[in-house]
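Structure first, then comments.
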Amino acid sequence: MSKRKALYIVLSLVVAMAIWVYVDVTGDRNIKKTFTDVPVEFLDEDTVLAERGLMLLEDGTTTSIDLTLSGSRWNIARLDPDELRVQVSLADITTTGSQLIKYTIRYPDGLSSSFTTSDASAYMIRVNIGELNTRTVDVKAEIVGSVAEGYTAGELLLSPAQLEIRGQPEDIDPVSYAKVTINLDNAESTFTGMLDYQFYDANDQLLDSTGIHATVDQVQATLPVNVTKELKLVVDFIESPGARASNLNYTIEPETITVCGDAEKLKDVDSITLTSFDLTKLNSATLYNYTIPLPEGCENLSGVTTATFRASFKDRTSATLTTSNFSLRNLPEGKDVSMLTEELTVTVFGTSEDVASLTGSDLEVIVDLADFGSAAGGYTVPATVRVKNGADVGVSGTYQVRVTIQDNASGEDTGSEEESGEEEPAQ
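In terms of the working numbering, the sequence shown has 350 at position 350, counting the first letter as 1, and numbering is strictly consecutive.
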């Protein structure tokens, strides 16, 4: 019985709470709350009104009002004062002077029909309209601080470089220029930022900006921070067996150039690659001239635009070897293949020591018949030569061999994907 009684008590509390919430939400709608200094937003000021040569003057214009709103306790509690607005459209104004205009109360989303206005400090908004006067003034910049040691500041870019200002003649006529301030603290990279500006007269005295209206709120300032670096000129060598950069004598003239450019872009740049050079193409002492490519946005302070590359191998020789080691790959199914070429003379190159270590038996001629699956008769087939003993030696030239392909008389599968001349020399 005690457990049941406790359950009844809990259920009673839940029901009572639900009834209280229901009554609070849907019941009394006469709860009132006053909101002070609700801001007034003016619409169509920079469009319709400006096109008519008119402007809103701050002096004599109501900028905020007090509102007393009625609603349910729940909705009143939900209403955020910071999201409450009074909006006034200036689209119907065609004359100058002080005027009264109706306003609209803008509530947060979902609450527009939840309140009624019980009282207000004003039921119409007073606006003061004057003739629009415009001027264009330059934007200047004051740089405070400096760039880091070893860095230099480039040309400052301001956008816009001029401001169109609007207002009454007594407000805008004294304006000589607008100024932004750029603060540098040992900058090592380009400065970019949206900056506020202030107005100054011809005597460089700061002016009160009240009554002065500009077409943009901020000015974008970009000050490149450059660094001067000495960059090494290099060549990217493409190596292969028998043609290694370690076996190379070469020079690049000049060895370095001095450039100036954006510090951020040059931060990780220490060299300039002139070209990619395939060392198999180098047969004797060779001279090449290359135009020096510059990193993006950089200036060549050295003035040298062309580099000379000279290169030759320290130790390079070639030799001709004869081999009879043939390997047939991808034999056609149901075919007999006979080698007509019994020996092949191959030219190899590399260091004297590596070339001298080779004999014909260290070479393997690979004949791939993958493209001859349905062929019959005599064919000249491309061949690839491989060095088997691990010597760092390259092979010069291209090679071909002659083969005969016939149908297997017995109709039996040859049963072989590969035939090596080392194990069973072809006849």
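Glycine is no exception: its CB is placed at the ideal position from the N, C-alpha and C atoms. From a predicted model like this one, the values you see are computed outputs, not experimental measurements.
Paired residues, beta bridge with M17 - DSSP: According to DSSP, M17 bridges with nothing at all.
Sorry if obvious, but does the Cβ on G334 come closer than 7 Å to a heavy atom of the ligand NAD? Ligands are entirely absent from the displayed structure, and the ligand NAD is therefore not among its contents.
Considering just the uninterrupted stretch of the beta strand (DSSP E) at S176, what are its terminal residues? It is not in any beta strand (DSSP E) - S176 carries neither H nor E in the DSSP assignment.
Could you work out which residue in A148, P174, T341 and T136 is closest to P160 when comparing CA atoms only? T136
Distance, Cα to Cα, T273 vs S284? 22 Å
When the Cα of I105 is compared with those of S98, F115 and G97, which residue comes out closest? F115
Residue environment, K3, which counts as buried when at least 16 other CB atoms sit within 10 Å: exposed
Cutting at 6 Å between CB atoms, please list the residues of its own chain near N249, excluding the five before and the five after it. S312 and K314
Would you mind stating whether G145 and D185 have Cβ atoms separated by less than 8 Å? yes
For L344, does the count of other Cβ atoms within 10 angstroms reach 16, so buried, or fall short, so exposed? buried
For V40, tell me which candidate among V88, H213 and L79 has the shortest Cα-Cα distance. V88
Measure how close the beta-carbons of M55 and R166 come, nearest whole angstrom, since I'm counting them as under 8 Å. 6 Å
Can you say whether Y197 is buried or exposed, counting buried as having 16 or more other CB atoms within 10 angstroms of its CB? buried
Given a cut-off of 8 Å on the beta-carbon distance, is the pair A391 and P332 in contact? no
Provide the residue span of the beta strand (DSSP E) that contains R135, from first to last. N133 to V147
Does DSSP put A245 in a helix, in a strand, or in coil? helix
Any chance you could list the alpha helix (DSSP H) runs of at least 4 consecutive residues sitting entirely within the region 45 to 88, in chain order? 73 to 78
Whole angstroms is fine: what's the gap from E58's alpha carbon to T228's? 52 Å
Report yes or no: do the region 235 to 244 and the region 204 to 223 share at least 3 C-beta pairs separated by less than 8 Å? no
One question on the structure: do D336 and Q406 come within less than 8 Å of each other, judged by their Cβ atoms? yes
Helix, strand or coil at K388 [DSSP, three-state]: coil
Are the beta-carbon atoms belonging to K179 and E142 less than 8 Å from one another? yes
Cβ neighbours of L132 in the same chain (closer than 7 Å, five flanking residues each side left out): A50, G53, L54, M55 and R166
Assign E343 to one of three DSSP states: helix, strand, or coil. coil
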